[in-house]
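Those letters in the sequence shown? Residues 3 to 124, by this note's numbering.
So the structure is just underneath, and the comments pick up after that.
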Amino acid sequence: MKLLIFALLLGALSFGADVAGVWHGSFTPERPDGTQEKEQSAYLALKQDGVKLTGRIGPNEEKNFELTKGMVDGDSVTFEVFADGMQMKVSMKLKDGKLEGVVQAEKEGEEKRKAVVNFTRS
Numbered sequence: 003m004k005l006l007i008f009a010l011l012l013g014a015l016s017f018g019a020d021v022a023g024v025w026h027g028s029f030t031p032e033r034p035d036g037t038q039e040k041e042q043s044a045y046l047a048l049k050q051d052g053v054k055l056t057g058r059i060g061p062n063e064e065k066n067f068e069l070t071k072g073m074v075d076g077d078s079v080t081f082e083v084f085a086d087g088m089q090m091k092v093s094m095k096l097k098d099g100k101l102e103g104v105v106q107a108e109k110e111g112e113e114k115r116k117a118v119v120n121f122t123r124s
């Protein structure tokens, strides 16, 4: 019986955090010299099926882009987005009810950019 309870708990933990829903927050790009640009608004809508994530991200509900390769692993959230000619890899952690992390972006193998993202569930 104890083994069954342990197996069920272990299985539940492997799914990771529940991050489904609509999130609003900020996006702060960094210049190539490491200084930060002006903070901008950000929108994130996530659907979760176990460890798999789908959804949309962008500056607002009207302008957003489909995310791909979305995964939840414990408190870590990762996905990719292709928008405005840039391939972006997003990596965030769920901490105290907020998603916080970074976006690494690359345009056609040349221009590389980074941004800090912070979201609170709406």
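The beta-carbon is built from N, C-alpha and C at its ideal position, and this holds for glycine as well.
{"Query": "Determine whether the beta carbon atoms of V83 and L101 lie at a separation below 7 Å.", "Result": "no"}
{"Query": "Report the three-state DSSP secondary structure of K4 (helix, strand or coil).", "Result": "Interpretation of K4 is limited by its pLDDT of 49, a score under 50 that renders its predicted location unreliable; the figure taken from the coordinates is listed afterwards. K4 falls in the helix class under three-state DSSP."}
{"Query": "Please report the distance separating the alpha-carbon of A117 from that of P34.", "Result": "11 Å"}
{"Query": "Return helix, strand or coil for S78, following the three-state DSSP convention.", "Result": "strand"}
{"Query": "For G18, count the other beta carbons within 10 Å of its own beta carbon; 16 or more makes it buried, fewer makes it exposed. Which is it?", "Result": "buried"}
{"Query": "Rounded to whole angstroms, how far is the Cβ of V74 from the Cβ of Q106, which I believe are closer than 8 Å?", "Result": "So it is not a contact: roughly 19 Å between Cβ atoms."}
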